[in-house]
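**Q** What follows is a structure written as structure tokens; I'll ask about it next.
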RNA sequence: GGCGGGUUGGCGGAGAGGUUACGCAGCGGAUUGCAAAUCCGUGAAGACCGGUUCGAUUCCGGUACCCGCCUCCA
């Protein structure tokens, strides 16, 4: 039994699939105009982990996961104008980057990754239905959603239309009936991408794509809708309004899940503070994707997460240890305690504690299988931890120096070499049995001492 | 101003109304030429003020501080 915190009802609820035995999930994906930053990656890892849990519990073929690409947006248009490149070239390239970067974090590809521009027809149809039902109106080439026509508007994010207007930082366009009315369709000038519609050549507003694509691919109602908490308002609120008003059933997503934001070294990530990183930046700096993933999993998804270099170093040390312990082992059964922790509102930190327990008990098979449920210790993600250089000659030389020193009682040469090895991130183990060298956290072959 | 979230030991970070979280670091011991690794043992917490309770870090109320959204940037 999987329990999840539903931000819509503000309650902890048991996941009871609307179609018994089959789970359908929709997560808001990126607007593709630039590299994904590490904040964008958090929902990817969070919902990938949920996807993996769902597949484990319900079976691979019984979970449908949809994550969209927003490839029509004014940010993309601006990027195209500024670089003088075709829009499609920018979105195709960015999608390629996104795939490469998220793959590196061990995120499985969703079942469907629809592009908004492939669903303009369904969007137009949905907008027409909203007009026909009296929830939207056309004005000056725009189509707007009439928020006063949907009494539940604001319920998802816990606001009321009147409160929001009191806050009054809303753009009041003359053609709006109510300041909170939002755009479903807007006109495009000749230099902007546009599609023919009953309201003239134009393009969709931001929110309608998720309503249209989720209905096409998952149906009017589905089980889980996810995304960052920053999307709760207005994006998700507007999705709810559109879908509930356009769908004959009047229903939409059952459980809403929102992940909290990410900070860097205790501060909001921003370009002005110089703490803005893309996933690719971190990968290029030498942080393995698996290490980044483990850092993410250490914090419960509903709490703010802080990215720090210190955490990454600890995560790297942990993964090295686990990889060493499980080297050559075949995955056994996934530990029940790990599934139980994840089933409790995706308690990844609790699941990791269980992994530490398995490691402490020396259960390599259980550790491997359980870690892989979390997307860790996957064989294809372990290249970074593999020893690419043979340390045996170093061990031999250190051993020889040590043997000499045992007789002469002068250990200075041994200590010097040991220090050099440790500076290169090598763990030095000397015992009666001999000398053993292992790569440890921060291992850097370039720093190894020169052999005599 | 409106709405939402957070505050746990040196650091990170969970669960549970009463019994050891866990990881890293620390301390004592074994071991070691010295270390490392390993093993054994061990100290350390719940922002603040009230309330409910036999008992709260865990429930309720308030205060303070921090963060996010409401506005292009997640």
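In our numbering, the protein residues as written are 4 to 455.
All C-beta atoms in this analysis are idealised placements derived from N, C-alpha and C, irrespective of residue type, glycine included.
Please read all numbers here as calculations on a predicted model, not as lab measurements.
What do you reckon, are the CB atoms on residue 109 and residue 296 nearer than 7 Å?
**A** yes
**Q** Count the C-beta pairs between the stretch 111-123 and the stretch 63-77 that are closer than 8 Å, then say yes if the count reaches three, no if not.
**A** yes
**Q** Helix, strand or coil for residue 274? Go by DSSP, reduced to three states.
**A** The answer is coil: DSSP assigns residue 274 none of H, G, I, E or B.
**Q** Return the chain-ordered ranges of every alpha helix (DSSP H) run that is complete within the stretch 78-149 and spans a minimum of 4 residues.
**A** 90-107 and 123-135
**Q** Going residue by residue through the stretch 152-195, where are the continuous beta strand (DSSP E) segments of at least 3 residues, counting only ones entirely within it?
**A** 185-190
**Q** Using the rule of at least 16 other Cβ atoms within 10 Å of the residue's Cβ for burial, across every protein chain shown, is residue 245 buried or exposed?
**A** buried
**Q** Helix, strand or coil for residue 202 per DSSP?
**A** coil
**Q** Would you decide whether residue 442 is buried or exposed? Buried here means 16 or more other CB atoms lie within 10 Å of its CB.
**A** buried
**Q** Using only CA atoms, which one of 272, 284, 223 and 111 lies nearest to residue 27?
**A** 223
**Q** Per DSSP, which residues does residue 9 bridge with? Please list them.
**A** Here residue 9 is bridged, per DSSP, to 14.
**Q** Across which residues does DSSP place residue 434 in a beta bridge pair?
**A** Residue 434 is bridged by DSSP to 437.
**Q** Of all the options 353, 38, 329 and 333, which has the alpha carbon lying nearest to the alpha carbon of residue 340?
**A** 353
**Q** Which term fits residue 379, buried or exposed, when burial requires 16 or more other beta carbons within 10 angstroms of its beta carbon?
**A** buried
**Q** Apart from the five residues on each side of it in sequence, which residues of its chain come closer than 7 Å, Cβ to Cβ, to residue 124?
**A** none
**Q** Strictly by DSSP, which residues pair up with residue 384?
**A** Partner(s): none; residue 384 has no beta bridge.
**Q** Measuring only the C-alpha atoms, how far is residue 418 from residue 358?
**A** 36 Å
**Q** Name the one or two DSSP bridge partners that residue 28 has.
**A** 68 and 227
**Q** State whether the stretch 229-242 contacts the stretch 156-170, with contact taken as three or more CB pairs (one from each stretch) at a distance under 8 Å.
**A** yes
**Q** Do three or more CB pairs link the stretch 99-106 to the stretch 136-156 at distances below 8 Å?
**A** no
**Q** For residue 350 and residue 79, what's the separation of their Cα atoms in angstroms?
**A** 36 Å
**Q** What does the alpha-carbon distance come out to for the pair residue 304 and residue 287?
**A** 25 Å
**Q** Can you look up residue 234 in the DSSP assignment and give me helix, strand or coil?
**A** helix
**Q** Starting from the Cα of residue 37, find the closest Cα among 90, 66, 14 and 58 and give me that residue.
**A** 90
**Q** Could you tell me how far apart the beta carbons of residue 451 and residue 400 are, in whole angstroms, since I believe they sit closer than 8 Å?
**A** Contact doesn't hold; Cβ gap of about 11 Å is too wide.
**Q** What's the gap between the Cα of residue 11 and the Cα of residue 128?
**A** Between the C-alpha atoms of residue 11 and residue 128 there is a straight-line separation of about 27 Å.
**Q** For a test of the three-state rule: what should DSSP assign to residue 258, helix, strand or coil?
**A** strand
**Q** Buried or exposed: residue 183, going by 16 or more other Cβ atoms within 10 Å of its Cβ?
**A** Label assigned to residue 183: buried.
**Q** With distance defined between alpha-carbon atoms, name the residue in 192, 201, 248 and 233 nearest to residue 214.
**A** 248
**Q** Run through DSSP, which three-state label would residue 51 get?
**A** helix
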